[in-house]
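Numbering (the working numbering), first residue to last: 1 to 425.
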Amino acid sequence: MMMDGPRGFDELQIVSGLSKTALANHLKRLLRTGVVRRLERGTYALSEDGLNVLTAIGSAYSMTQRRRRHEAARTAKLYSRDPTPKEGREMDEFEVKNKAKWEPAWTSYVGAATGILKSLGVKAEMSDVGGYTGYAFLVNVAKSATCPSAPTCHTAFEMFAAAMEKSFGWRIGFNWDNEGGSYPSSDSPTPDDLKRAKAYFEMMKSTLARTNRPIGLWGLVVPEFFIMNGYKGDHYIASTMREGHNEPEEPLKYDSLQAPGGFAEIVFEKETKPLELERRDKQAIQRAVRVIEGEYVEDGYVQGPKAFDTWAQQLKEGRENVLLYHGNSYVGACTHEGLEWAAQFLRGLSKRYKGQPQGNSLISASKEYNKAAMSMKEFMELFPFGFKGDLPRAKREKGAELLESTKPCVESALTHIKEFLKTWS
């Protein structure tokens, strides 16, 4: 926080979650070592040496600090005040200067990140964000039954944050508080859940006030990423998936989050300088290869081309029919969207390298992804989202056939993408 300027004692205490005594002891040690200097009573700033030290340590230190702040926030009971505004109390309210609008997307992380980047003046479409981060190339399914958790149950989120810094020029902090578990912990929030949600809300309020930039958060209006543009009393002022359905956005109370796996946020910390264009493109393609090959898989899931085999087998067996239907419709929609983004992204890059050997490889890869997207579009028509009913055998077999026809397209695209890298070298 002090890398962005002087901070008051109270502000440091809110974000760190430390007691007054503990924070005072920390600051005393930092003052003694010369890392921090006191500007006036209750206000602290980094010294020149302190700034140099923290700059040298860089993003690894920053991520560690954010994890510590999360751990502190989970146990902090200081902020579990009565969330209901009292009569006569002035409403606590704040909105960022440049509000962001959630971009309609099944893959809501990309929709939220794209909307925030646009609010910051970055010219980026969802295919750019999906392509440069690598999310467009992610195919992920659960091993047991096709589960709607698959598009977000992977280990790539920190990599996505680092990729956005290199590609779009914004240092991004991403935290997933999975140690605290899902919120709510049962069908409805427990008293402990409510305390935890209130502490998290207070932390996000502080983060929003510090950065004055929208934040991407996990859990509204269903388990999806949304954009926090401000707060009003104990409510999030948010842009959510309702934007994609032309529904009115109303402030949402702090305890209304639905956050399987725990709380998560995408914080746009600081503007930086992106890589020069060719390095940016090459690194994006290298990331794509790692994602396609399944480097970011979680236990219990399958990633990459082989995920289509697992998915098809589940359809043939018809396991857990109800969950399977919802999983097929949602995962199918996210996968189709990603394949389309991948085709668009690769096609855009191929134009930049037109007439060069590597440009031909990108055109071929784009065509393969386009064929894969067409198969998945037909798959979506078999399993439209929101359908209520069973999965007849003929439909399951047709779906499995489409998945099996999609796999070789992705494998072929991967071969062309690797040819691009070889040609470049």
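No residue lacks a Cβ here, since even glycine has one placed at the ideal position from N, Cα and C.
Exposure label - residue i; buried when at least 16 CB within 10 Å
| i | result |
| --- | --- |
| V410 | buried |
| N229 | buried |
| E179 | exposed |
| A22 | exposed |
| D177 | buried |
| N25 | exposed |
| L12 | buried |
| T406 | buried |
| T152 | buried |
| Q356 | exposed |
| K205 | buried |
| S186 | exposed |
| V122 | buried |
| S149 | buried |
| A394 | exposed |
| L252 | buried |
| D234 | buried |
| R68 | For R68, the pLDDT reaches just 45, beneath the cut-off of 50, and the residue's location in the model is therefore unreliable, although a value from the coordinates is still provided. Result: exposed. |
| K195 | buried |
| T190 | exposed |
| L39 | exposed |
| K86 | Unreliable placement is indicated for K86, whose pLDDT of 41 sits below 50; no coordinate value is reported for it. |
| M203 | buried |
| G88 | Any reading at G88 needs caution, since the residue's pLDDT is 42, under 50, leaving its predicted position unreliable; the model's value is listed next. G88 comes out exposed. |
| R396 | buried |
| D281 | buried |
| S16 | buried |
Run of the beta strand (DSSP E) containing residue i, from where it starts to where it stops
| i | result |
| --- | --- |
| M228 | 225-232 |
| Y236 | 235-239 |
| Q283 | Run containing Q283: none in the beta strand (DSSP E); it sits in the alpha helix (DSSP H), 277-292. |
| F379 | Where F379 is concerned, there is no enclosing beta strand (DSSP E), although the alpha helix (DSSP H) it sits in stretches over 357-382. |
| Y353 | Element bounds for Y353: n/a, residue is neither H nor E. |
| K270 | 264-271 |
| Y44 | 43-46 |
| N175 | 170-176 |
| W311 | From DSSP, W311 is part of no beta strand (DSSP E) but of the alpha helix (DSSP H) over 306-317. |
| G261 | Run containing G261: none; DSSP gives neither H nor E here. |
| G216 | 215-218 |
6 angstroms CB neighbourhood of residue i in its chain, flanking five on each side removed
| i | result |
| --- | --- |
| G332 | F379, M380, F383 |
| F137 | A288, V291, I292, A342 |
| I57 | none |
| R352 | none |
| E71 | Confidence is the limiting factor: at E71 the pLDDT is only 42, short of 50, which leaves the residue's position unreliable and the question unanswerable from this model. |
| L275 | K166 |
| W106 | A333, C334, E337 |
| V141 | A150, V302, A307, T310, W311 |
| V294 | Correcting the residue identity first, residue 294 is Gly in this sequence and not Val. Closer than 6 angstroms at the Cβ level, and outside the excluded window around G294, lie Q303, G304. |
| E404 | A312 |
| F201 | Y254 |
| K270 | R171 |
| L315 | R396, G399, A400 |
Cβ-Cβ separation, residue j to residue i (assumed contact under 8 angstroms), whole Å
| i | j | result |
| --- | --- | --- |
| K198 | Y254 | 6 angstroms |
| S366 | A343 | 5 angstroms |
| A259 | S182 | 6 angstroms |
| M376 | H326 | In fact, because the Cβ distance is near 17 angstroms, the residues do not count as touching under 8 angstroms. |
| A372 | L339 | 5 angstroms |
| Y296 | A156 | 4 angstroms |
| P248 | I116 | Wrong, their Cβ atoms sit about 21 angstroms apart, outside the cutoff. |
| L54 | F268 | So it is not a contact: roughly 19 angstroms between Cβ atoms. |
| K273 | G386 | With a Cβ gap of about 44 angstroms, K273 and G386 do not count as contacting. |
| W218 | A145 | That belief does not hold up - the Cβ atoms of W218 and A145 are roughly 23 angstroms apart, past 8 angstroms. |
7 angstroms CB neighbourhood of residue i in its chain, flanking five on each side removed
| i | result |
| --- | --- |
| T75 | The predicted model places T75 with a pLDDT of 32, which falls under 50 and marks its position as unreliable; any figure quoted below should be read in that light. Hits under 7 angstroms: none found. |
| S350 | G359, L362, I363, S366 |
| I285 | I417, F420, L421 |
| T33 | none |
| T423 | P357, Q358, S361 |
| E103 | G111, T114, G115, M126 |
| K143 | G300, Y301, V302, T310 |
| L391 | G318, N321, L324, Y325 |
| K398 | L382 |
| D193 | Y183, P184, S185 |
Alpha helix (DSSP H) segment containing residue i, residue limits
| i | result |
| --- | --- |
| K143 | From DSSP, K143 is part of no alpha helix (DSSP H); its letter is neither H nor E. |
| Y132 | 126-133 |
| E103 | Careful: E103 lies outside any alpha helix (DSSP H) and carries neither H nor E. |
Cβ shell of residue i (< 8 angstroms), same chain only, five flanking positions each side left out
| i | result |
| --- | --- |
| R7 | M1, T43, Y44, A45 |
| R49 | Going by the sequence as given, residue 49 is Asp instead of Arg. Closer than 8 angstroms at Cβ, skipping near neighbours: G34, V35. |
| V222 | M241, Q258 |
| E250 | none |
Counting Cβ pairs, one atom from each stretch, are 3 or more of them under 8 angstroms apart for the segment 125-141 and the segment 160-173? Touching, per the Cβ criterion.
Is there contact here, the segment 217-234 with the segment 106-122, by at least three beta-carbon pairs under 8 angstroms? Contact between the segment 217-234 and the segment 106-122 is present: 3 or more CB-CB pairs across the two stretches fall below 8 angstroms.
Is the segment 118-130 touching the segment 233-249 in the sense that three or more CB pairs, one from each, lie closer than 8 angstroms? No, they do not touch.
Using 8 angstroms as the threshold, is the segment 90-105 in touch with the segment 296-306, meaning 3 or more CB pairs across them? When C-beta atoms of the segment 90-105 are compared with those of the segment 296-306, fewer than three pairs fall below 8 angstroms, so the two segments do not count as touching.
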